[in-house]
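One structure is given here, and the rest of the page talks about it.
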Amino acid sequence: MNTLLFPFETREPIQQIHEAGLLIAQWSSWAKKTENAHVSSEVFKKIAVRFWGSEKAADMTTLEGKARAAKIIQERQIAKECIAVCDWMFPQIDVPSGIDHVGDPTLESRILSAVLGRGYSEADLYRVGERVFNLQRAVLIREGLNSRRDDFLPDEWYERGLENHPADPECVAPGDGGKIVSMVGKKVERRAFLRIRDDYYRLRGWDVPTGLQSLDGLSALGLNGAASELFSLGLAREKSRGVSPARRIYHGFNSIFAKAGRFRKKKKAAYAVTGPSVAGDEMMAILGAERAKYGNEKIRHNFSDWDKTMLYHFTDTGEYYAMTFVNGEAMAPVRLSEGLQGPEISYEMDSRVMKAMSKGELSGKDAYFQRLLKMKSSFSDMMKLQSLGKI
Numbered sequence: 005m006n007t008l009l010f011p012f013e014t015r016e017p018i019q020q021i022h023e024a025g026l027l028i029a030q031w032s033s034w035a036k037k038t039e040n041a042h043v044s045s046e047v048f049k050k051i052a053v054r055f056w057g058s059e060k061a062a063d064m065t066t067l068e069g070k071a072r073a074a075k076i077i078q079e080r081q082i083a084k085e086c087i088a089v090c091d092w093m094f095p096q097i098d099v100p101s102g103i104d105h106v107g108d109p110t111l112e113s114r115i116l117s118a119v120l121g122r123g124y125s126e127a128d129l130y131r132v133g134e135r136v137f138n139l140q141r142a143v144l145i146r147e148g149l150n151s152r153r154d155d156f157l158p159d160e161w162y163e164r165g166l167e168n169h170p171a172d173p174e175c176v177a178p179g180d181g182g183k184i185v186s187m188v189g190k191k192v193e194r195r196a197f198l199r200i201r202d203d204y205y206r207l208r209g210w211d212v213p214t215g216l217q218s219l220d221g222l223s224a225l226g227l228n229g230a231a232s233e234l235f236s237l238g239l240a241r242e243k244s245r246g247v248s249p250a251r252r253i254y255h256g257f258n259s260i261f262a263k264a265g266r267f268r269k270k271k272k273a274a275y276a277v278t279g280p281s282v283a284g285d286e287m288m289a290i291l292g293a294e295r296a297k298y299g300n301e302k303i304r305h306n307f308s309d310w311d312k313t314m315l316y317h318f319t320d321t322g323e324y325y326a327m328t329f330v331n332g333e334a335m336a337p338v339r340l341s342e343g344l345q346g347p348e349i350s351y352e353m354d355s356r357v358m359k360a361m362s363k364g365e366l367s368g369k370d371a372y373f374q375r376l377l378k379m380k381s382s383f384s385d386m387m388k389l390q391s392l393g394k395i
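Note that our numbering has the sequence shown beginning at 5, numbered continuously upward.
See the structure below:
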């Protein structure tokens with residue numbers, strides 16, 4: 005969804021990102037079987053239809069349906085900012101206690117109608133957002149924005165796969181038919197982006213070959229002054245052109261080639277756990293080295309308030325070890341005869357995985373994503389533990 009939100013703003017469009025992102029977080033709780041989670045895949049699809057224009061918008065593994073969704077989100081969020089309602093409360097996209105849990109996108113327009121004493125429909129409110137968005141676009145074009153060149157994503161979005169997220173290291177999202185899919189390793193396909201950007205230009209009523217606005221389009225929004233100024237500078241078309249047949253064929257072939265390329269891609273080889281297991285004094289030495297990391301000046305402030313217990317369980321040897329923090333200081337690790345009840349942080353892995361991580365042969369992130377390491381902790385503690393990667 006964010007693929008078509010970032011290119012058209014001069015700053016991070018955090019309110020727009022929240023609309024889809026907070027809902028995905030609710031869905032993620034359901035996917036992980038959190039008690040009382042209410043946004044199932046079916047609910048997510050119904051919300052996508054009501055708030056984003058189509059069921060396709062609910063599939064986060066494809067850009068299909070995202071051009072219309074992005075347009076709606078941009079207009080709704082900008083209108084929301086114009087009437088100064090809370091970003092966390094609006095739109096009311098889901099209702100935990102509702103019958104179908106689907107929210108009401110008309111709520112803001114009904115509130116505005118009550119305050120002003122005149123009727124505002126949902127479409128009326130979105131038109132406010134559309135006018136503001138297009139006026140912002142006109143100013144940016146006048147000041148030097150090159151639409152085709154600058155309506156783009158950073159190179160790393162196309163070249164570097166998604167790694168993780170502190171709130172959900174597996175980065176699960178609803179896929180085709182509501183299937184639970186990990187987005188780790190996914191990246192934007194450049195050709196797919198160019199195709200969906202053309203679709204976005206078309207839905208906006210902009211000139212597809214150039215990305216420029218038109219006299220007709222701006223005038224229809226009551227932005228006559230902006231239309232005249234841009235046209236006089238050669239920065240607007242008299243009438244917008246759509247996607248040409250030749251460009252449709254080009255996008256079609258690119259789509260076929262991109263799919264073929266995905267079949268040829270090889271997955272990163274999983275780490276092979278080999279060699280003798282690690283136990284006793286050798287494991288105590290490894291955990292002692294881990295303990296020393298928490299005293300590093302670069303990160304020790306992150307743990308200054310910790311009074312917690314960290315439990316290690318090594319599945320191949322059956323051994324348990326614990327490391328306790330007292331007033332932010334990590335105590336020497338101890339070997340246990342059995343596990344503990346309710347440690348704040350727990351790790352479960354093969355002892356050889358722990359050795360590989362200590363030697364730098366395997367990162368904790370890769371171990372986690374390859375299912376070689378299981379971890380349980382609070383979100384806050386997980387964020388602090390990520391700082392270990394800085395040393």
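Backbone N, C-alpha and C fix where the C-beta goes; we use that ideal spot for every residue, glycine too.
Answer with buried or exposed for residue i, where buried requires no fewer than 16 other C-beta atoms within 10 angstroms of its C-beta.
{"i": "Ser-382", "result": "exposed"}
{"i": "His-305", "result": "exposed"}
{"i": "Met-187", "result": "buried"}
{"i": "Met-287", "result": "buried"}
{"i": "Ser-350", "result": "buried"}
{"i": "Trp-31", "result": "buried"}
{"i": "Ala-73", "result": "buried"}
{"i": "Lys-380", "result": "exposed"}
{"i": "Ile-76", "result": "buried"}
{"i": "Asp-104", "result": "exposed"}
{"i": "Arg-268", "result": "Because Arg-268 sits at a pLDDT of 47, beneath the cut-off of 50, its placement in the model cannot be relied upon, and the point is left open."}
{"i": "Pro-100", "result": "exposed"}
{"i": "Ile-395", "result": "exposed"}
{"i": "Lys-378", "result": "exposed"}
{"i": "Leu-120", "result": "exposed"}
{"i": "Met-387", "result": "exposed"}
{"i": "Ser-151", "result": "buried"}
{"i": "Asn-300", "result": "exposed"}
{"i": "Asp-63", "result": "buried"}
{"i": "Asp-309", "result": "exposed"}
{"i": "Ala-88", "result": "exposed"}
{"i": "Val-43", "result": "buried"}
Tell me which residue opens and which closes the beta strand (DSSP E) that residue i is part of.
{"i": "His-317", "result": "313-318"}
{"i": "Met-5", "result": "From DSSP, Met-5 is part of no beta strand (DSSP E); its letter is neither H nor E."}
{"i": "Lys-75", "result": "Premise fails: Lys-75 lies in the alpha helix (DSSP H), 70-86, not in any beta strand (DSSP E)."}
{"i": "Lys-359", "result": "Per DSSP, Lys-359 belongs to no beta strand (DSSP E); it is in the alpha helix (DSSP H), 355-362."}
{"i": "Lys-380", "result": "377-380"}
{"i": "Asp-108", "result": "106-108"}
{"i": "Arg-141", "result": "No beta strand (DSSP E) contains Arg-141, which is instead part of the alpha helix (DSSP H) from 126-146."}
{"i": "Gln-345", "result": "Counting along the chain, Gln-345 falls outside any beta strand (DSSP E), and DSSP gives it neither H nor E."}
{"i": "Ile-184", "result": "184-186"}
{"i": "Arg-339", "result": "338-340"}
{"i": "Ala-177", "result": "176-178"}
{"i": "Asp-98", "result": "96-98"}
Alpha helix (DSSP H) containing residue i: first to last residue?
{"i": "Val-47", "result": "45-56"}
{"i": "Ile-115", "result": "111-120"}
{"i": "Gly-292", "result": "284-297"}
{"i": "Phe-197", "result": "194-208"}
{"i": "Tyr-325", "result": "It is not in any alpha helix (DSSP H) - Tyr-325 instead sits in the beta strand (DSSP E) that spans 323-330."}
{"i": "Leu-239", "result": "No alpha helix (DSSP H) contains Leu-239, which DSSP labels as neither H nor E."}
{"i": "Ala-29", "result": "18-35"}
{"i": "Tyr-162", "result": "159-163"}
{"i": "Tyr-372", "result": "368-373"}
{"i": "Asp-220", "result": "219-224"}
Return the Cβ separation of residue i and residue j in integer angstroms, given the expectation that the two are a contact with Cβ distance under 8 Å.
{"i": "Ala-83", "j": "Lys-70", "result": "Going by Cβ atoms, the distance from Ala-83 to Lys-70 rounds to 20 Å, so no, they are not a contact pair."}
{"i": "Arg-135", "j": "Gln-217", "result": "The Cβ separation is near 12 Å, so there is no contact."}
{"i": "Pro-178", "j": "Phe-48", "result": "5 Å"}
{"i": "Lys-190", "j": "Glu-163", "result": "Wrong, their Cβ atoms sit about 12 Å apart, outside the cutoff."}
{"i": "Thr-14", "j": "Leu-144", "result": "7 Å"}
{"i": "Tyr-65", "j": "Asp-180", "result": "One point to set straight first is that residue 65 is Thr, not Tyr, in the sequence displayed. Right, the Cβ-Cβ distance comes to about 7 Å (below 8 Å), so this counts as a contact."}
{"i": "Tyr-275", "j": "Leu-366", "result": "5 Å"}
{"i": "Gln-96", "j": "Glu-23", "result": "The Cβ separation is near 11 Å, so there is no contact."}
{"i": "Ala-29", "j": "Ile-184", "result": "With 8 Å as the limit, Ala-29 and Ile-184 do not qualify as a contact, their Cβ atoms being about 14 Å apart."}
So does residue i have its beta carbon nearer than 8 Å to some heavy atom of the ligand SAM?
{"i": "Glu-348", "result": "Absence of the ligand SAM is noted for the structure shown, with no ligands found whatsoever."}
Practice prompt. Kindly confirm or deny that the stretch 350-360 and the stretch 277-292 touch, where touching means at least three C-beta pairs closer than 8 Å.
Written response: The stretch 350-360 makes contact with the stretch 277-292; the number of CB pairs closer than 8 Å reaches 3 or more.
Worksheet item: Counting Cβ pairs closer than 8 Å, one from the stretch 196-216 and one from the stretch 122-131, do we hit at least three?
Response: No contact exists between the stretch 196-216 and the stretch 122-131.
Discussion item. Would the stretch 238-245 count as touching the stretch 107-117 if we require 3 or more Cβ pairs under 8 Å?
Written reply: Because the criterion of three Cβ pairs below 8 Å is not met, the stretch 238-245 and the stretch 107-117 do not touch.
Worksheet item: Are three or more beta carbon pairs between the stretch 338-348 and the stretch 311-326 nearer than 8 Å?
Response: Three or more beta-carbon pairs drawn from the stretch 338-348 and the stretch 311-326 are found closer than 8 Å, and the two stretches are therefore classed as touching.
Discussion item. Under 8 Å, with one C-beta from each stretch per pair, do the stretch 5-14 and the stretch 142-158 reach the 3-pair mark?
Written reply: With a cut-off of 8 Å, the stretch 142-158 and the stretch 5-14 count as touching, because enough Cβ pairs lie within range.
Discussion item. Can you confirm whether the stretch 225-234 touches the stretch 167-175 when touching is taken to mean that 3 or more C-beta pairs between the two stretches lie within less than 8 Å?
Written reply: Contact between the stretch 167-175 and the stretch 225-234 is absent, because fewer than three Cβ pairs lie under 8 Å.
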